[in-house]
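Below is one structure, written out as structure tokens; comments come after it.
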Amino acid sequence: MRRIYIVAVREFLEMLKTKAFLLGVFVVPIVMVGALSFTGRLQKKMVSGPQETRTVAVTDHSGELGEEIGRLLEEHNKWNTTKKVLVESIAPPPEGLEGLTKRTKERVKKRELVGYLVVPQDVLGEAGRAQYYSRGDNLAELNVFHTVRNALNNAATNTRCVRRGISPQVIKDVRRKIPVDNNSVTAKPGKKQGGLPVKMMVPFFFMLLMFAGTVGANQHLLTSVIEEKNSRVIEVILSSVSPFQFMAGKILGLSAVSLMTVCIWGLVAYGTAAYHGMGDIVNTANIGFFLIYFVLGFLLFSSIFAAIGSACNTLKEAQSFMMPVMMVLMVPMMGWLYFSQHPMGVWAVALSFIPPVSPMVMILRLAARPDLPPLQIAASIILLAASVPLVMWVSARIFRVGILMYGKPASLRELHRWLRQK
Amino acid sequence: MDALVIEDVTKAFGSVQAVNGLSARIPPGSVYGFLGPNGAGKTTTLRMVMNIISPDSGSIQVLGRSSREGVAGRIGYMPEERGLYRKMKVTAVIAYFGKLKGMSRQDLTGAIPRWLEDVDLAEWANKRVEDLSRGMQQKLQFVVTAINDPDLLILDEPFSGLDPVNLELLRGIMLRLRDAGKTVIFSTHMMEQAEKLCDFILLINNGRSIIDGTLDQIRSRYPSNTVAVELAGEADFIAELPMVQGVECSGRKLEISLGEGGDPQDLLRNLVGKVDIRSFEVRTPSLHDMFVDLVRTNDA
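What follows is the structure, given as structure tokens:
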């Protein structure tokens with residue numbers, strides 16, 4: 001036990017001295033907070049700052065809608081100062097449409113215009129259909145298209161109503177939208193509530209914290225094992241420590257570093273949220289669960305990484321073994337939106353009981369829905385906790401042999417043989 | 423009780439038989455040399471002694487025990503390929519390994535400066551390992567091995583990479599440790615060092631023991647059959663003497679090889695009175711000669 005502790009302390013202190021750790025602990029939060037406040041400022045600036053004008057040309061053959069479209073877009077511009085759309089009316093030329101369309105499309109191509117709307121004569125008829133031309137290669141243009149399409153349709157509705165003798169005031173009354181206040185029954189009264197986007201980000205943030213904490217320190221574990229193997233430090237160490245003691249010490253030391261890093265990040269994030277009056281978006285129980293899942297998950301992955309490191313001689317060789325491990329880590333990353341939106345979905349529940357993925361999946365589910373069935377939580381923790389010593393045992397057996405094997409990297413068959421070796 | 427007993431130990435790596443039925447007894451308080459050409463099985467044997475790899479068959483007893491459990495702290499091992507944490511400071515490295523071997527902080531504060539002084543590294547105490555030269559790292563590695571005052575030191579090629587001054591320094595320390603009752607086992611192919619240092623020698627080739635014993639015992643098995651004589655006077659008759667096999671002449675010096683059973687004393691008697699003898703030296707074969715000869719005959 002004393003030897004494990006000595007190895008752990010060295011691992012801990014050495015990791016604290018690495019650039020990667022200093023960067024991770026101090027620079028990541030600074031960048032995080034910086035990025036948040038920067039986007040905040042940017043958004044404010046977008047509201048008040050000078051605008052890029054987006055002009056759309058409109059040719060109206062019907063002679064009924066053009067004016068109304070222009071009026072509706074002007075109204076749109078009043079409310080959406082960041083997404084203004086200007087209209088350039090082009091009267092249909094007497095010599096025919098073809099030349100005009102060609103010329104205007106050219107202007108769209110040259111970016112003089114964002115789009116070109118052509119409204120045909122019979123647009124208000126049953127088979128009425130309008131044409132819109134744009135470069136169609138970016139998101140902003142898509143927004144303009146939606147705005148123009150809405151303006152056309154609203155103009156058509158209004159015109160149809162007028163044709164039927166309905167007064168504009170009635171139309172306005174009919175179309176008036178009713179605002180709905182969205183209230184949470186679990187939020188404490190008097191506190192500011194995070195909007196939906198913020199709430200969605202909480203599970204994501206928890207998962208990111210777990211992912212970064214696990215991958216960062218384990219990357220270090222992998223490289224340090226390979227280094228110790230290559231520099232033959234390992235032979236000196238193994239003359240006084242057993243391979244298992246050595247591996248356990250390394251894992252323990254690094255998990256302490258990792259836990260510390262994650263706590264610092266979490267505190268910075270919580271502090272930032274609390275500063276903006278959103279302190280209650282994180283549930284206290286979730287923090288406890290996060291720590292349990294983080295530590296267990298870390299032990300699981302670091303055992304695997306230690307075994308991989310011991311079986312390889314270079315980082316390059318280790319990459320091929322890392323692939324499947326990283327894939328497992330990526331599953332919750334890719335499905336985070338699904339898991340946090342459907343915390344009781346079949347996939348979410350099933351993956352909660354599969355140890356390598358369960359920590360991240362469970363933390364997503366818990367953050368999305370704090371009142372998960374206690375039985376599920378308990379079963380998932382027990383399964384995970386039971387798998388840790390099992391994986392450690394397998395890894396220790398591989399570690400024991402691999403750490404002294406030089407030459408070519410081990411094949412899966414060899415790994416299997418090492419497992420059974422006495 | 424012997425410090426180390428190796429009994430009929432065998433180890434193969436795939437189809438290569440690295441150690442093949444090797445046995446040895448190493449008495450305590452001695453300097454014991456494992457000699458042999460490259461690939462003879464020296465390092466493999468020492469690694470098995472350290473329990474880094476386990477033998478396929480046979481048994482090894484270290485300090486009277488068959489398992490290293492409980493005696494690990496009494497053994498110091500210096501592997502052939504040196505390994506230290508390059509980014510750590512010299513004192514920190516020694517302290518780390520010292521602690522792993524069970525030393526207390528108090529023991530370490532006394533032992534570290536003393537040892538650094540011994541190997542001329544005192545000024546480097548606060549430098550990083552990577553700032554040290556190769557020879558210095560080698561000495562540091564030795565300090566790491568010996569820091570906990572082990573009863574048994576196992577050194578794999580301790581002299582490789584050392585300049586003559588440091589070589590003398592290390593040799594002196596090894597003898598000092600032996601005089602303090604420690605057992606020092608080392609492997610080398612530097613015969614001159616082995617000859618100066620070893621109380622006992624084990625010569626290994628192809629994983630087998632070829633010869634072992636004290637230097638004198640080994641020498642006695644190689645009866646000397648060359649005599650160097652410096653003389654004045656007519657010396658042609660010497661080649662005709664019955665015990666003489668051949669004579670090589672360089673100026674006034676003669677190198678006389680004797681035939682089987684030829685006695686140098688007999689030769690001397692035959693020379694006295696006939697020529698003016700300036701010097702008469704019975705050549706003892708050097709360890710180097712015996713080594714080369716033994717390995718050649720063994721390989722053949």
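Read top to bottom, the protein sequences are chains A and B.
When you line the first sequence up against our numbering, it's residues 1 to 422, in that order.
When you line the second sequence up against our numbering, it's residues 423 to 722, in that order.
No residue lacks a Cβ here, since even glycine has one placed at the ideal position from N, Cα and C.
Predicted, not measured: the structure shown is a model, and the values here were computed from it.
Establish whether the CB of residue i and some CB of chain A are separated by less than 8 Å.
i, result
"Leu-506 (chain B)", "yes"
"Ile-633 (chain B)", "no"
"Glu-503 (chain B)", "yes"
"Phe-608 (chain B)", "no"
"Tyr-454 (chain B)", "no"
"Ala-650 (chain B)", "no"
"Ala-434 (chain B)", "no"
"Ile-475 (chain B)", "yes"
"Ala-494 (chain B)", "yes"
Using a C-beta cutoff of 8 Å, does residue i count as contacting chain B?
i, result
"Leu-404 (chain A)", "yes"
Could you work out which residues of chain A lie near residue i, taking near to mean beta carbons separated by less than 9 Å?
i, result
"Met-472 (chain B)", "Glu-235, Leu-238 and Ser-239"
"Val-566 (chain B)", "Val-236"
"Ile-497 (chain B)", "Ser-239 and Ser-240"
Leaving out the 5 sequence neighbours to the left and right, which residues in its chain are closer than 8 Å to residue i when beta-carbon positions are compared?
i, result
"Val-515 (chain B)", "Leu-506, Tyr-507, Val-551, Leu-562 and Val-566"
"Arg-556 (chain B)", "Gly-583"
"Ile-425 (chain A)", "For residue 425 (chain A) there is no data in the structure shown, the boundaries of chain A being 1 and 422."
"Pro-535 (chain B)", "Ala-544 and Ala-547"
"Gln-245 (chain A)", "Arg-3, Ile-4 and Val-7"
Name, please, each residue of chain B whose Cβ falls closer than 9 Å to the Cβ of residue i.
i, result
"Ser-231 (chain A)", "Glu-503, Arg-504, Gly-505, Leu-506, Tyr-507 and Arg-508"
"Ile-6 (chain A)", "Tyr-518, Lys-521 and Leu-522"
At 8 Å on the CB atoms, spell out the chain A contacts of residue i, in chain order.
i, result
"Lys-523 (chain B)", "Ser-240"
Considering only residues of the same chain and omitting the five flanking positions on each side of residue i, which have a CB-CB separation below 6 Å?
i, result
"Ser-701 (chain B)", "Glu-652"
"His-710 (chain B)", "Met-613"
"Met-712 (chain B)", "Tyr-644"
"Gly-498 (chain B)", "Thr-567, Ala-568, Pro-572 and Leu-575"
"Asp-685 (chain B)", "none"
"Pro-343 (chain A)", "Arg-365, Ala-368 and Arg-369"
"Phe-289 (chain A)", "Leu-366"
Thinking just about the alpha-carbon of each residue, which of the options is nearest to the one in residue i?
i, options, result
"Glu-14 (chain A)", "A:Leu-390, A:Lys-250 and A:Val-394", "A:Lys-250"
"Val-394 (chain A)", "A:Arg-365, A:Gly-345 and A:Ile-308", "A:Ile-308"
"Gly-524 (chain B)", "A:Ala-367, A:Tyr-5 and A:Arg-163", "A:Tyr-5"
"Phe-435 (chain B)", "B:Lys-604, B:Leu-457 and B:Ile-475", "B:Ile-475"
"Ile-226 (chain A)", "A:Leu-419, A:Tyr-293, A:Leu-23 and A:Gly-407", "A:Gly-407"
"Thr-81 (chain A)", "A:Pro-29, A:Thr-53 and A:Pro-243", "A:Thr-53"
"Ile-678 (chain B)", "B:Thr-648, B:Glu-662, B:Arg-447 and B:Lys-549", "B:Thr-648"
"Leu-619 (chain B)", "B:Gly-492, B:Pro-580, B:Ile-626 and B:Lys-433", "B:Pro-580"
"Val-484 (chain B)", "B:Asp-658, B:Thr-636, B:Ala-661 and B:Met-423", "B:Met-423"
"Cys-312 (chain A)", "A:Glu-235, A:Met-333 and A:Ile-398", "A:Ile-398"
"Asn-150 (chain A)", "A:Ser-184, A:Leu-65, A:Thr-101 and A:Trp-418", "A:Leu-65"
"Arg-598 (chain B)", "B:Ser-445, B:Glu-662 and B:Gly-451", "B:Gly-451"
"Gln-121 (chain A)", "A:Val-114, A:Leu-97, A:Lys-109 and A:Glu-106", "A:Leu-97"
"Leu-554 (chain B)", "B:Leu-522, B:Thr-513 and B:Gly-532", "B:Thr-513"
Applying a beta-carbon distance threshold of less than 8 Å, which residues of chain B neighbour residue i?
i, result
"Arg-447 (chain A)", "Coverage of chain A is limited to positions 1 through 422, which leaves residue 447 (chain A) absent and any answer about it impossible."
"Arg-10 (chain A)", "Tyr-518"
Using a threshold of 7 Å, is the CB atom of residue i nearer than that to any non-hydrogen atom of the ligand PLP?
i, result
"Ser-631 (chain B)", "Because no ligand of any kind appears in the structure shown, any question about the ligand PLP cannot be addressed here."
List, in order along the chain, the chain A residues whose C-beta lies closer than 7 Å to that of residue i?
i, result
"Ala-425 (chain B)", "Under the 7 Å cutoff, chain A gives no residues; its nearest Cβ is about 16 Å from Ala-425 (chain B)."
Within a Cβ cutoff of 7 Å, which residues of the same chain sit near residue i, ignoring the five residues on either side of it in sequence?
i, result
"Asp-578 (chain B)", "Thr-465, Leu-468, Met-500, Pro-501, Glu-502 and Ser-609"
"Ser-302 (chain A)", "Asn-218, Leu-221, Ile-251, Leu-254 and Ser-255"
"Ser-481 (chain B)", "Glu-429 and Ser-488"
"Thr-636 (chain B)", "Asp-621 and Phe-622"
"Val-401 (chain A)", "Trp-418 and Gln-421"
Run through the stretch 241-329 of chain A for me and flag every whole alpha helix (DSSP H) of 4 or more residues, listed as ranges in chain order.
Uninterrupted alpha helix (DSSP H) stretches at least 4 residues long and entirely within the stretch 241-329 of chain A occur at 243-275 and 284-311, given in chain order.
Going residue by residue through the stretch 465-553 of chain B, where are the continuous alpha helix (DSSP H) segments of at least 4 residues, counting only ones entirely within it?
DSSP assignment within the stretch 465-553 of chain B yields the following whole alpha helix (DSSP H) runs of 4 residues or more, N-terminal first: 512-522 and 527-540.
Extract the residue ranges of the alpha helix (DSSP H) inside the stretch 587-672 of chain B, only unbroken runs of 4 or more that lie entirely within it.
As far as the stretch 587-672 of chain B is concerned, its whole alpha helix (DSSP H) runs of at least 4 residues are 613-619 and 637-642.
Which runs of the alpha helix (DSSP H) at least 4 residues long sit entirely within the stretch 146-233 of chain A? Give them in chain order.
Within the stretch 146-233 of chain A, the complete alpha helix (DSSP H) runs of at least 4 residues are 168-175 and 196-230.
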